[in-house]
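Enquirer:
Numbering (the numbering used here), first residue to last: 22 to 296.
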C-alpha cells in the first residue's frame, strides 16, 4: 500500500492537496448555478480576462489579487452591458471581451518584462504555495461558500425563474452582480492553485457532472462539491506518479469522469427505452 500513501510523505504534496480542496469547494457550488443558468462561458471569460489586471498590478507594486479581481469585474460588467445594449448574443460578447482582455494582458506582459513567471500565472504553481496563498484562498473561499450556502434558494429562484424572483421581491440586480463578483473572487482564489486557464475546469465540470447525476438542486450542490474535492485529490495523487503538472491532471480526471457519467447515462437511457 506504499504506492497509495507515498505522495503524503512530502509536505508540498499535502499542501497542494489542501489548497486545491479549499478552492474547489466554492468553485463547485458556483459551477452548479453557472451550468443551470447557461453561464458556462462566464467562468472561462473571467479566468482569462484577469491577466491584464495581474500584470498591471505587478508593475504597480500592488497585490496581484487586487488587479485580478478588478479585471475580472471589468470583464463581467462589460459583457453584461454589451449584452443589454446590443443585438449581439451573450456568448459572442463574452468571447470578444475575453479575447480582447487576454490579448491585452499578453501585450503588456511582453512589453514590460518582469520577474513574474507567465507559466505560473497561466497554469498555477500548486506545488509552491505558501502561507499567503492559504490565507487569501481560504478567506475568499470561506466568504463565497458561506454566501452561497445561506442564499442558495435566492440564487436558485434567480436561475430558474428571474421574473418570479423579481415578483417575489428579491433584489435580482444585487444577486446578478453578486454572482459575477463571486465568480471573479473564486477565480482570484484559484490563481495560485490552478492558474488562469485551468480554473474554468473547476468552475464548470463539477456542476456539469452533478447535473447528469441528479435533477434535485440540493443533491446537485452536494455531488458537485464531492466531485470537485475527489477529482482534485485523485488528480494530484496521479500527477505524483505520472510526473505531470497537477492542475492539468486534475482537469483530465474531471473530464474523464464527465465522459464516463455521460456515456453511462446514455446507456441507461437506451436500456430504459428498450424496456
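Yeah, the Cβ is synthetic: ideal placement off N, Cα and C, and Gly gets one too.
How many Å lie between residue 177 and residue 51 at the Cα?
Expert: Cα-Cα distance, rounded: 11 Å.
Enquirer: Just tell me which of 101, 48, 132 and 130 has its CA closest to the CA of residue 118.
Expert: The residue with the shortest Cα to Cα distance from residue 118 is 101.
Enquirer: For residue 23, count neighbouring Cβ atoms within 10 angstroms of its own Cβ and tell me buried if that reaches 16, exposed if not.
Expert: Classification of residue 23: exposed, given that the 10 Å Cβ count is below 16.
Enquirer: Find out if the Cβ-Cβ distance for the pair residue 231, residue 248 is shorter than 8 Å.
Expert: Against a cut-off of 8 Å, the Cβ pair of residue 248 and residue 231 comes out as a contact.
Enquirer: Do the stretch 231-247 and the stretch 32-39 meet, that is, are 3 or more Cβ pairs less than 8 Å apart?
Expert: In short, these stretches do not touch, since the Cβ pair count stays below three.
Enquirer: For residue 28, verify whether its CB is less than 7 Å away from any heavy atom of the ligand NAD.
Expert: This structure lacks the ligand NAD, and indeed carries no ligand of any kind.
Enquirer: Alpha carbon to alpha carbon, what distance is there between residue 266 and residue 235?
Expert: One C-alpha to the other measures close to 32 Å.
Enquirer: Take residue 90 and list the residues in its own chain whose beta-carbon comes closer than 6 Å to its own, dropping the five residues that flank it on each side.
Expert: Result list for residue 90: 205 and 209, in chain order.
Enquirer: How would you call residue 106, buried or exposed, if buried means at least 16 neighbouring beta carbons within 10 angstroms?
Expert: Residue 106 comes out exposed.
Enquirer: Please classify residue 128: is it buried, with 16 or more other beta-carbons within 10 angstroms of its beta-carbon, or exposed?
Expert: Flag for residue 128 reads exposed.
Enquirer: I need the boundaries of the alpha helix (DSSP H) containing residue 74, first residue and last residue.
Expert: Here the alpha helix (DSSP H) through residue 74 covers 72-81.
Enquirer: Can you check which of these residues, 170, 97 and 226, is closest to residue 197 by C-alpha distance?
Expert: Nearest of 170, 97 and 226 to residue 197, Cα basis: 97.
Enquirer: Cβ atoms of residue 71 and residue 93: under 8 Å apart, would you say?
Expert: Cβ distance < 8 Å, so residue 93 and residue 71 count as in contact.
Enquirer: Please classify residue 145 as buried or exposed, where buried requires at least 16 other C-beta atoms within 10 Å of its C-beta.
Expert: Residue 145 should be labelled buried.
Enquirer: Applying the 10 Å Cβ sphere with the 16-neighbour rule, what's the burial state of residue 45?
Expert: The residue is buried, with at least 16 neighbouring Cβ atoms inside 10 Å.
Enquirer: Can you check whether the CB of residue 179 is closer than 8 Å to the CB of residue 191?
Expert: Contact: yes.
Enquirer: Can you tell me where the alpha helix (DSSP H) with residue 194 in it begins and where it stops?
Expert: Where residue 194 is concerned, the enclosing alpha helix (DSSP H) stretches over 193-211.
Enquirer: CB-CB under 6 Å to residue 49, same chain, minus the five flanking residues each way: which ones, in chain order?
Expert: The residues are 227, 245, 246 and 249.
Enquirer: Check whether the Cβ atoms of residue 160 and residue 86 sit closer than 8 Å, and answer yes or no.
Expert: No, Cβ-Cβ distance for residue 160 and residue 86 is not below 8 Å.
Enquirer: On the three-state DSSP scale, how would you describe residue 190?
Expert: Residue 190 falls in the coil class under three-state DSSP.
Enquirer: Less than 7 Å between C-beta atoms, sequence neighbours within five positions excluded: which residues of the same chain meet that for residue 20?
Expert: Because residue 20 is not part of the residues shown, which for the chain are 22 to 296, the question remains open.
Enquirer: When DSSP labels each residue in this structure, what does residue 265 get in the three-state scheme?
Expert: It is coil, neither helix nor strand.
Enquirer: When the Cα atoms are used, what is the spatial distance from residue 251 to residue 172?
Expert: If I take the Cα positions, the gap works out to 25 Å.
Enquirer: Could you say which of 233, 88 and 268 lies nearest to residue 221 if we only look at CA atoms?
Expert: Residue 221 has its Cα closest to that of 268, out of 233, 88 and 268.
Enquirer: Where residue 63 and residue 286 are concerned, what is the direct C-alpha to C-alpha distance, given to the nearest angstrom?
Expert: Their backbone Cα atoms lie some 27 Å apart in a straight line.
Enquirer: Counting C-beta neighbours from all protein chains within 10 Å, is the total for residue 26 16 or more, i.e. buried, or is it exposed?
Expert: Its Cβ having fewer than 16 others within 10 Å, residue 26 is exposed.
Enquirer: Over the uninterrupted alpha helix (DSSP H) stretch that includes residue 24, give me the two end residues.
Expert: Taken as a continuous stretch (DSSP letters only), the alpha helix (DSSP H) holding residue 24 covers 23-26.
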